[in-house]
Structures are given as C-alpha cells and as structure tokens.
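S.K.: One structure is given below, represented as structure tokens, and several questions about it will come after.
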C-alpha cells in the first residue's frame, strides 16, 4: 500500500503527492537493497501498479470514469440516464491514442 488520503479534497497534483515514492522506487530499482548483516544484496522489480478507477484517472491525467468519454479502454461515449453515466455500447472497439473518440473528445478526455 503506497498511500491513502482522506478528507473532502484529494491532492491537486499526483506528481506532488508521489514525488518521494517515485524517487525511492527509482533508487530501489537501480541500486537494490543491501543487507549488510547477512552480506546480502537484493534486487527489486516493479511488477504492477494497481489503482481503482478514480486513482487511475488521477495517475494517468485523464478524466474520471463518470465523464462522457470516461472509458480509457474503448471508444464508447457515455450517456447520462437517471443521474448516472451509462455506457450502452458494449461491443465498442478498443481505444488508442489515435482513436476518433479520443481525438474528437480530447477536451473531455484529458483532465
């Protein structure tokens, strides 16, 4: 677990919030860990970064999952129904940086 924050406001900038973590991870990945007592050197690998949907949008600097073009994996546009954002087209194509949905809705997609 890297961090949990509470309160009414989240951090305004992920880079500010995670700067110390990134610095420490860079050192661990390049240097590793020396355990002098046992004359042991451990190498460290980063296998995955796991986030829930709101944290992922914060890390990737994209809009949240409740926005019109909120899915960063497909090209479906959401519709507001009953106060909720819905994504009715289940069979949409995968999104990439050249996807028409991303390009046409860039102001909606980038936070």
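Residue numbers (this note's numbering): 6 to 116. From the three backbone atoms N, C-alpha and C, an ideal C-beta is built for every residue, glycine too. In this text the structure is predicted, and so the values were computed from the model without any measurement.
What separation, rounded to the nearest whole angstrom, lies between the Cα atoms of residue 60 and residue 46?
M.R.: Numbered from 1 along the chain shown, position 55 holds the residue referred to as residue 60. Numbered from 1 along the chain shown, position 41 holds the residue referred to as residue 46. In a straight line, the C-alpha of residue 60 is about 33 Å away from that of residue 46.
S.K.: Closest to residue 34 by C-alpha separation, out of 68, 83, 12, 51, would be which residue?
M.R.: As a first step, residue 34 must be located in the chain shown, where it is residue number 29. The residue from 68, 83, 12, 51 with its alpha-carbon nearest to that of residue 34 is 51.
S.K.: With burial defined as no fewer than 16 other Cβ atoms inside 10 Å of the residue's Cβ, what is the status of residue 83: buried or exposed?
M.R.: Counted from its first residue, the chain shown places residue 83 at position 78. Residue 83 comes out buried.
S.K.: I need the straight-line Cα distance from residue 25 to residue 18, nearest angstrom please.
M.R.: Along the chain shown, read from residue 1 onward, the residue named residue 25 stands at position 20. Along the chain shown, read from residue 1 onward, the residue named residue 18 stands at position 13. The alpha-carbon atoms of residue 25 and residue 18 are separated by roughly 13 Å.
S.K.: Taking the alpha carbon of residue 14 as the point to measure from, which residue in 73, 89, 63, 87 has its own alpha carbon closest?
M.R.: By one-based count along the chain shown, residue 14 stands at place 9. If we check each option's Cα against that of residue 14, 63 comes out closest.
S.K.: Which residues bound the alpha helix (DSSP H) around residue 27?
M.R.: As a working mapping, residue 27 is identified with position 22 in the chain shown. Its alpha helix (DSSP H) spans residues 19-36.
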